[in-house]
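As structure tokens, the structure follows; a few thoughts come after it.
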Amino acid sequence: MGGSRRDHQEWRLLRQIVVQLPEAVVVAVREPESVILVNRQVSQLLGWNVVPPLSLRRFVTANTRRTLDGRPLSLEEIPLVRALRYGEVIRQREILLERSDGRSVTCLVNAAPLFLNRRKQFGAIAVFQDITSRASEQRLREELFTFVSHELRTPLTVVEGIAQLLVTNWEELSVEERATLLRDLLTATRSLRDMLERMLQLAELQKAGTQQMRISTLVTDLVSAVLRELADELAPFRVEVQVPPDLTVDIVPLHVVQALRSVIHNAAKYSPPGERIEIGAYREGAEVRIQIRDYGPGVEPELYSRLFQPFQRGRSHGKPGLGLGLYQAKLLVEANGGRIWHEAPGGQGAVFVLAFPERSSSTTDQSDAPIPHHVG
Numbered sequence: 002m003g004g005s006r007r008d009h010q011e012w013r014l015l016r017q018i019v020v021q022l023p024e025a026v027v028v029a030v031r032e033p034e035s036v037i038l039v040n041r042q043v044s045q046l047l048g049w050n051v052v053p054p055l056s057l058r059r060f061v062t063a064n065t066r067r068t069l070d071g072r073p074l075s076l077e078e079i080p081l082v083r084a085l086r087y088g089e090v091i092r093q094r095e096i097l098l099e100r101s102d103g104r105s106v107t108c109l110v111n112a113a114p115l116f117l118n119r120r121k122q123f124g125a126i127a128v129f130q131d132i133t134s135r136a137s138e139q140r141l142r143e144e145l146f147t148f149v150s151h152e153l154r155t156p157l158t159v160v161e162g163i164a165q166l167l168v169t170n171w172e173e174l175s176v177e178e179r180a181t182l183l184r185d186l187l188t189a190t191r192s193l194r195d196m197l198e199r200m201l202q203l204a205e206l207q208k209a210g211t212q213q214m215r216i217s218t219l220v221t222d223l224v225s226a227v228l229r230e231l232a233d234e235l236a237p238f239r240v241e242v243q244v245p246p247d248l249t250v251d252i253v254p255l256h257v258v259q260a261l262r263s264v265i266h267n268a269a270k271y272s273p274p275g276e277r278i279e280i281g282a283y284r285e286g287a288e289v290r291i292q293i294r295d296y297g298p299g300v301e302p303e304l305y306s307r308l309f310q311p312f313q314r315g316r317s318h319g320k321p322g323l324g325l326g327l328y329q330a331k332l333l334v335e336a337n338g339g340r341i342w343h344e345a346p347g348g349q350g351a352v353f354v355l356a357f358p359e360r361s362s363s364t365t366d367q368s369d370a371p372i373p374h375h376v377g
């Protein structure tokens with residue numbers, strides 16, 4: 002870059018600052034429009050190896066950017082572009098970035114023009130802060146408020162109604178009628194307890210993440226543990242299992258058993274009795290993938306983008322539920338360094354895939370240790 006000695010000094014200082022900042026930082030220049038400086042956090046955030054110099058268009062189009070409501074941003078709406086081309090200062094702009102691995106990241110973006118020696122603008126700088134966790138927590142709080150306002154109202158109304166009936170008509174009720182009402186009251190209170198316990202479990206999982214040691218575990222042991230737990234529930238179905246005996250993954254076994262239980266329970270919940278449920282596992286690159294397929298009605302297309310969010314239920318086909326199972330599975334899988342996604346197979350049903358890193362040499366080898374079971 003041409004210019005005076007002072008210009009070069011300012012440029013060296015800028016480079017030092019960018020490299021040391023903990024946030025992802027991008028510096029672009031006008032002539033020609035290109036990205037000339039990034040720190041290592043940029044590649045980590047975007048999911049691909051960003052090596053300057055590269056054209057501005059290549060950089061900003063490599064990852065889809067959206068508004069929080071899902072609308073794709075045009076080139077002219079991107080904060081770095083606006084700061085570079087028009088000298089605008091963009092503050093605290095929240096956007097969704099789609100990484101190369103398919104994950105969405107919520108970012109807080111600040112962008113501003115850059116000047117040499119306070120004269121002519123030569124470029125722009127953008128700082129990206131990953132606020133995915135914060136945004137998820139805020140969204141969960143809002144959804145939880147909505148859920149409590151609506152879903153909990155029904156069992157609470159049932160409890161109140163039965164209690165009122167018992168209080169005001171106790172003497173007139175027969176022994177059999179009292180027993181029936183008390184059983185209904187017990188069922189409603191248990192339903193409330195189950196709802197609250199499930200939400201508390203999710204809150205604890207979000208707060209703590211995974212602090213347990215991952216161990217090398219055979220996939221066949223994980224699947225067998227889940228099938229034993231769900232034996233009664235799966236009895237009406239034809240469960241077909243194809244898992245190679247040597248596949249191992251680096252995970253917290255209890256977490257993955259819980260995640261698999263949620264997905265397989267979902268498959269049974271929406272499948273007609275007598276239908277197949279297929280459970281398989283295979284290697285794909287450095288991953289081990291566990292696949293569950295059912296032949297039920299499948300997932301409604303309008304639900305695809307929200308499938309792993311909390312309190313999401315489709316038209317549900319008359320099935321009860323909180324809409325938390327797949328969300329819980331996602332938290333557990335990602336806490337173990339894995340991924341989970343849905344595929345729409347040709348024909349009937351749904352496919353869910355859980356992918357984990359294959360066993361590494363640095364992982365504690367406890368493949369002979371028993372798989373812990375869920376309690377409660």
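The sequence shown runs 2 to 377 under this note's numbering.
Ideal placement from N, C-alpha and C gives every residue a C-beta, glycine not left out.
Query                                                                                                                                 : Result
Range covered by the beta strand (DSSP E) that runs through glutamate 241                                                             : 239-243
For leucine 166 and valine 159, the rounded distance between their alpha carbons                                                      : 11 angstroms
For proline 73: DSSP bridge partner residues                                                                                          : Arg67
Per-residue DSSP class, three states only, for valine 227                                                                             : helix
Test item: CB-CB of glutamate 99 and threonine 107 under 8 angstroms                                                                  : no
For lysine 270 and glycine 319, the rounded distance between their alpha carbons                                                      : Below a pLDDT of 50, predicted positions are generally treated as unreliable, and glycine 319, at 49, falls in that range; the measurement from the model is reported next regardless. Distance between the alpha carbons of glycine 319 and lysine 270 is about 10 angstroms.
Leucine 15, DSSP secondary structure in three states                                                                                  : helix
The region 217-234 / the region 326-341 touching (three or more Cβ pairs under 8 angstroms)                                           : no
Among Glu241, Leu97, Arg262 and Glu359, nearest to arginine 284 - alpha-carbon criterion                                              : Glu359
Sequence-distant residues of the same chain with beta carbon closer than 6 angstroms to glutamine 130, five excluded per side         : Glu24 and Leu109
Complete beta strand (DSSP E) runs within the region 33-116 (minimum length 3 residues, chain order)                                  : 35-39, 91-99 and 105-116
C-alpha gap between arginine 290 and arginine 67, whole angstroms                                                                     : 29 angstroms
beta-carbon asparagine 170 near the ligand MN non-hydrogen atom, thresh 7 angstroms                                                   : Absence of the ligand MN from the depicted structure is noted, as is the absence of any ligand whatsoever, leaving it without description.
8 angstroms Cβ cutoff met for valine 28 and isoleucine 126                                                                            : yes
Through-space distance from glycine 326 to proline 371, alpha-carbon basis                                                            : Only weak support is given to the placement of proline 371: the predicted model assigns it a pLDDT of 43, under 50, and the question is left unresolved by the model.
Which listed residue (Ile278, Ile265, Gly350 and Gln21) has its alpha carbon closest to that of alanine 330                           : Ile265
Local conformation of glutamine 21 per DSSP, three classes                                                                            : helix
4 or more residues per run - each alpha helix (DSSP H) lying fully within the region 232-286                                          : 232-235 and 254-270
Which of helix, strand or coil DSSP assigns to proline 358                                                                            : strand
Neighbourhood of tyrosine 296 by C-beta distance below 7 angstroms, restricted to the same chain and skipping five residues each side : Ser272, Glu276, Arg277, Gln349 and Gly350
Local conformation of isoleucine 291 per DSSP, three classes                                                                          : strand
Contact belief for valine 240 with isoleucine 280 at Cβ below 8 angstroms, rounded distance in angstroms                              : 7 angstroms
6 angstroms Cβ shell around valine 51 - same chain, five flanking residues per side excluded                                          : Val39, Val43 and Ser44
Rounded distance between the beta-carbons of histidine 256 and alanine 356, thought under 8 angstroms                                 : That belief does not hold up - the Cβ atoms of alanine 356 and histidine 256 are roughly 14 angstroms apart, past 8 angstroms.
Length of the line joining the Cα atoms of proline 114 and aspartate 102                                                              : 31 angstroms
Neighbour flag for valine 352 against chain D, beta carbons, 8 angstroms                                                              : Annotation note: the requested chain D is absent from the structure, which comprises a single protein chain.
C-alpha gap between valine 30 and valine 20, whole angstroms                                                                          : 17 angstroms
Arginine 41 versus leucine 228: straight-line alpha-carbon distance, rounded                                                          : 44 angstroms
Range of the contiguous beta strand (DSSP E) that encloses alanine 345                                                                : Per DSSP, alanine 345 belongs to no beta strand (DSSP E) and is neither H nor E.
Three-state class that DSSP yields for serine 175 in the structure shown                                                              : coil
Buried or exposed by the 16-neighbour rule on C-beta atoms within 10 Å, applied to leucine 14                                         : exposed
Among Arg58, Leu157 and Ser225, nearest to arginine 262 - alpha-carbon criterion                                                      : Ser225
Inter-residue CB distance, proline 298 and proline 274 (contact presumed, cutoff 8 angstroms)                                         : Actually they are not in contact, since the Cβ atoms of proline 298 and proline 274 sit about 14 angstroms apart, beyond 8 angstroms.
Span separating the alpha-carbon of leucine 97 from that of threonine 65                                                              : 8 angstroms
Cβ-Cβ separation, valine 36 to leucine 57 (assumed contact under 8 angstroms), whole Å                                                : 6 angstroms
Proximity winner among Tyr87, Leu85, Leu81 and Arg86, relative to glutamine 93 (alpha-carbon distances)                               : Leu81
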